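So the sequence lines, in the order shown, correspond to chains V and W.
The working numbering puts the first residue of the first sequence at 43, with every later residue one more than the last.
The working numbering puts the first residue of the second sequence at 43, with every later residue one more than the last.
Ideal Cβ placement from N, Cα and C applies to all residues, glycine included.
This structure is a prediction, so every number in the text was calculated from the model and none was measured.
Here is the structure we will look at, set down as structure tokens.
Number of protein chains: 2
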Amino acid sequence: MYDRIKGFRDFYPEEMQARRWVTDRLESVAGRYGFREIGTPALEQTQMYVDKSGEEIVEELYSFEDKGGRDVALTPELTPTVARMVVAKQQELSKPIKWYSTRPFWRYEQVQQGRFREFYQTNVDVFGSSEPDADAEVLAVAADMLTELGLTGDDFDFRVSHRDILSGLLDSFDADVDVREAVRAVDKRAKVDREEYFELLTAAGLSVDQAEEFDEMLQVDTDELDTLAEWSGSEQVGDAVENLEAVLSAAEDFGAREYCTVSLTTARGLDYYTGVVFECFDSTGEVSRSVFGGGRYDDLIEGFGGQPTPAVGFAPGHATLGLLCQRAGVWPEEALSTDYYVLQVGDTRSVAARIVGDLRSRGHVVETDVADRSFGAQMGYADSINAETVIIVGEQDLENDEVTVKDMESGDQTTAPVDDVPGDRERPTFDDFA
Amino acid sequence: MYDRIKGFRDFYPEEMQARRWVTDRLESVAGRYGFREIGTPALEQTQMYVDKSGEEIVEELYSFEDKGGRDVALTPELTPTVARMVVAKQQELSKPIKWYSTRPFWRYEQVQQGRFREFYQTNVDVFGSSEPDADAEVLAVAADMLTELGLTGDDFDFRVSHRDILSGLLDSFDADVDVREAVRAVDKRAKVDREEYFELLTAAGLSVDQAEEFDEMLQVDTDELDTLAEWSGSEQVGDAVENLEAVLSAAEDFGAREYCTVSLTTARGLDYYTGVVFECFDSTGEVSRSVFGGGRYDDLIEGFGGQPTPAVGFAPGHATLGLLCQRAGVWPEEALSTDYYVLQVGDTRSVAARIVGDLRSRGHVVETDVADRSFGAQMGYADSINAETVIIVGEQDLENDEVTVKDMESGDQTTAPVDDVPGDRERPTFDDFA
């Protein structure tokens with residue numbers, strides 16, 4: 043007997059059906075917004091990730107040398123691949139480019155609740171628009187995905203921030219600040235204690251007083267964002283506030299404003315974000331981590347050798363999203379569903395097969411016996427797959443040109459003329475023959 | 043600019059849409075037969091493949107040592123994983139177990155037409171029935187998948203054989219035959235010249251005369267299969283012929299017999315098959331390789347440490363299947379489709395967003411401007427995504443409470459009251475307002 047590899051999962055049909063339901067809903071919403079599905083490789087050059095994220099990324103990659111001597115890595119995220127694809131066909135692709143895809147990614151990480159070494163994400167990105175409407179469309183498709191799953195505004199909250207507000211505020215201090223380190227400190231604000239947070243900020247170059255003033259600024263109310271530009275005297279902050287407000291205004295038109303809270307202490311850990319960033323949280327706090335996040339990354343395509351191309355996107359991870367759905371009671375029941383089981387008693391295969399074929403041609407899920415089992419074994423199996431209706435094709439009934447139609451929930455059954463099953467009915471049930 | 047890894051592919055939206063159409067159809071048929079989707083890991087222990095296929099398999103694996111010191115491999119096929127999953131929950135799973143899944147696999151192979159290092163398959167398997175009906179159900183679901191794609195009996199042919207006929211015939215010779223090697227020789231019969239084929243058979247232990255007699259036996263007509271048992275004097279051959287005929291008889295009831303030709307020279311290369319095997323071929327021969335194949339493998343689960351569990355399955359590879367579909371002219375057009383583009387002229391976003399939302403809530407694919415573009419640029423974009431209908435929301439029209447509805451194929455356009463778009467129409471078009 044072989045073991046599964048740690049951090050990797052098998053999905054048996056019941057759980058898989060629930061996962062598929064979620065994936066289908068996410069993709070259906072993306073499709074209605076005009077995002078188009080793409081397909082991407084599982085392996086890329088390791089160098090691509092090193093260039094984007096630094097040497098330290100290798101520690102969490104499944105990387106190796108392939109038989110052709112290439113340094114390759116199992117893709118830990120989609121963004122670099124998508125950037126590569128945009129650059130490869132930049133001239134021919136009409137803009138904006140709107141793409142989505144669902145697939146697994148791999149990171150050698152500590153396994154914990156909602157975090158695996160093989161994990162699934164649906165990535166959604168827009169390339170080629172720097173307008174606030176593109177940011178707002180991303181917020182709107184994210185919100186519609188969650189409401190499509192049955193979640194409401196009581197369940198989740200998008201905490202929206204802007205990288206240029208953070209960096210503009212940091213630059214406005216009379217200090218030699220490592221903005222990247224300071225932004226990382228902000229990203230850790232809710233995850234570490236206050237002392238450690240301030241240590242990180244001072245390590246990034248702020249004095250203790252400046253760190254306190256900076257942190258105070260981050261907690262400004264939404265309707266007082268305008269004061270930040272004046273407070274800091276930074277034009278960059280003023281522009282960023284204006285951009286953030288324009289995004290929220292477009293989100294209002296797109297029906298997503300109600301899910302958004304301005305939260306400047308939301309920073310996103312990744313270095314490549316350049317404008318609006320957001321994270322989705324469980325409103326109850328029961329799912330303690332960020333469910334997913336996204337934002338604007340206008341410099342990446344150019345960094346990958348392409349023409350300057352603004353971009354904004356997000357990627358719900360299915361594990362944390364599943365935790366949120368479960369917490370909110372909208373995770374679908376993990377149970378098989380089957381429309382019909384056609385039960386054979388004696389040598390009735392050809393008649394049973396005719397009925398099975400007719401029902402399948404109407405799109406129904408239909409099983410029949412392929413294991414030469416007894417009546418009882420077949421009925422037990424039909425029960426185990428939650429068959430709604432069992433059609434019993436027995437030798438004796440057939441002598442009278444009849445079959446038996448049984449409703450599995452009530453247990454009621456009745457006979458029906460064999461030639462009349464299914465007849466011209468789209469979805470015959472016990473009631474049609476009783 | 044980064045390069046894609048050799049043998050790996052990017053799928054842009056047009057091609058991906060065609061691929062998704064094919065995948066959806068394959069999975070829809072599997073679902074109607076009551077096969078249930080499972081989800082499986084991309085990495086497994088390398089040892090699992092070595093035990094099943096021998097040390098030489100490592101040559102074509104993407105295998106490496108992970109950061110925890112595990113010898114792991116990117117999965118080159120699904121069967122060992124599925125066997126592991128069956129063994130892990132053998133007691134609780136109700137039988138027969140009917141599973142399907144679509145996903146990529148990886149082999150370090152020579153790249154050629156229809157063969158890549160990352161390739162996609164839909165695997166379909168039944169565990170827990172040794173009855174001919176299970177083999178026939180596999181043939182039937184395979185045939186229904188192909189006809190669902192628009193292929194007909196003129197396009198493809200299932201060549202059906204039986205491993206026990208081959209091995210029974212081989213055992214009946216007065217010679218020390220390496221059955222495994224001889225079966226591999228048969229599998230190569232159509233791929234090598236006659237001389238090499240006979241060399242392989244004699245290397246496996248047959249004399250030249252015996253090899254010729256054996257090859258003559260393989261070409262027996264379907265209605266003369268019964269003569270083989272007598273000819274060889276082998277009870278195993280007699281039983282296998284009976285089993286093959288029972289499978290074909292069940293396939294007749296299931297509507298798949300018409301696609302099947304008995305072809306004892308079809309052997310399947312893999313060692314683990316134990317009963318009926320089949321390969322799907324392009325009837326015209328234009329796709330020269332086997333499109334896909336499958337068969338019975340009753341010993342694998344026990345070999346993986348489980349209870350003896352008969353099994354039968356198949357796995358269409360999407361690359362060769364695509365070649366067949368293209369040859370037969372049923373490969374879907376690789377073009378985007380879009381129901382509506384809502385074009386904004388001037389500051390009309392809130393009205394446009396209302397119309398967009400109404401149309402999306404009806405399930406349509408709807409795009410609107412998120413890049414603040416000119417009328418011409420938006421119209422060009424709408425054309426590039428093959429929008430069927432463009433709804434123009436212009437400032438001037440709105441002063442009269444009107445929008446313009448344009449049919450993109452004819453170029454016809456008309457105005458419509460803004461409050462009446464979409465109104466209570468499920469799918470409003472130009473004709474509704476003209």
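Within its own chain, the residues whose Cβ lies closer than 8 Å to the Cβ of Glu344 (chain W), once the five positions on either side in sequence are excluded, are Pro350 and Thr351, listed in chain order. Taking a contact to require three or more Cβ pairs closer than 8 Å, the stretch 152–170 of chain W and the stretch 353–364 of chain W qualify as touching. Separation of Phe417 (chain V) and Leu440 (chain V) (C-alpha to C-alpha, rounded to the nearest whole angstrom) is 16 Å. Following the DSSP letters along the chain, one finds Phe198 (chain W) in no alpha helix (DSSP H) but inside the beta strand (DSSP E) bounded by residues Phe198 to His204. Beta-bridge partners assigned by DSSP to Cys302 (chain V): V:Phe200. Judged by pairs of C-beta atoms under 8 Å, the stretch 448–461 of chain V does not touch the stretch 82–102 of chain V, as fewer than three such pairs exist.
For secondary structure counted as the alpha helix (DSSP H) over 4 or more consecutive residues, the stretch 314–339 of chain W holds no complete run. Approximately 2 Å separates the beta-carbon atoms of Gly336 (chain W) and Phe356 (chain W); this is inside 8 Å, confirming the contact.
Of V:Lys137, V:Asp411 and V:Arg201, the smallest CA-CA separation from Ser171 (chain V) is found for V:Lys137. Within a 10 Å sphere around the beta-carbon of Thr269 (chain V) sit fewer than 16 other beta-carbons, which makes this residue exposed.
When secondary structure is reduced to three states using DSSP, Asn165 (chain V) falls in the strand class. Residues of chain W whose Cβ lies closer than 9 Å to the Cβ of Asp263 (chain V) do not exist; the shortest such Cβ separation is about 25 Å. Around the beta carbon of Ala227 (chain W), a 10 Å sphere encloses 16 or more other beta carbons of the protein chains shown; the residue is thus reported as buried. Per the C-alpha coordinates, the member of W:Asn442, W:Lys448, W:Asp400 and W:Gly280 positioned closest to Arg467 (chain W) is W:Asp400. Sorting V:Ala370, V:Asp425, V:Gly388 and V:Gly347 by C-alpha distance to the C-alpha of Met43 (chain W) places V:Gly347 at the top.
Leu181 (chain W) is a Cβ neighbour of Cys302 (chain W), given a cutoff of 8 Å. For Arg222 (chain V), the uninterrupted alpha helix (DSSP H) segment begins and ends at Val221 to Asp229. Within the stretch 363–393 of chain W, the residues whose Cβ lies closer than 7 Å to any Cβ of chain V are, in chain order, Leu378, Thr380, Arg391 and Ser392.
Taking 8 Å as the CB threshold, Trp148 (chain V) lines the interface with chain W.
Under the Cβ criterion of 8 Å, Met187 (chain V) is not counted among the residues facing chain W.
Taking CB atoms only, Phe417 (chain V) has no neighbour in chain W less than 8 Å away. In this structure, the straight-line span from the alpha carbon of Ala292 (chain W) to that of Asp389 (chain V) is close to 12 Å. For the stretch 302–330 of chain V, the set of residues with a beta-carbon nearer than 8 Å to any beta-carbon of chain W is empty.
With fewer than 16 neighbouring CB atoms inside 10 Å of its own CB, Glu300 (chain V) falls in the exposed class.
Residue pairing for Pro459 (chain W): DSSP places it in a beta bridge opposite W:Glu444. Boundaries cannot be given for Glu151 (chain W), as no beta strand (DSSP E) includes it and DSSP labels it neither H nor E. Among the residues facing chain V, Arg201 (chain W) is not included, as its CB has no counterpart in that chain under 8 Å away. Ala253 (chain W) and Leu260 (chain W) have their C-alpha atoms roughly 11 Å apart. In the DSSP assignment, Gly355 (chain W) falls within the unbroken beta strand (DSSP E) covering Ala353 to Phe356. Scanning its chain for C-beta atoms nearer than 8 Å, with the 5 sequence neighbours on each side dropped, one finds around Glu444 (chain V) the residues Thr457, Ala458, Pro459 and Val460, in chain order.
Relative to the Cα of Gly317 (chain V), the nearest Cα in the group V:Glu190, V:Arg61, V:Asp295 and V:Ser203 belongs to V:Ser203. Assignment of Gly96 (chain W) by DSSP, reduced to helix, strand and coil, places it in the coil class.
Interface flag for Pro350 (chain W) against chain V is unset, since no Cβ pair is found closer than 8 Å. Among the residues of chain W, those whose CB is under 8 Å from the CB of Trp141 (chain V) are Pro55, following chain order. Residue pairing for Ala178 (chain V): DSSP places it in no beta bridge. Against chain W, the beta carbon of Arg402 (chain V) has neighbours under 9 Å at Val71, Arg74, Tyr75 and Asp186, listed in chain order.
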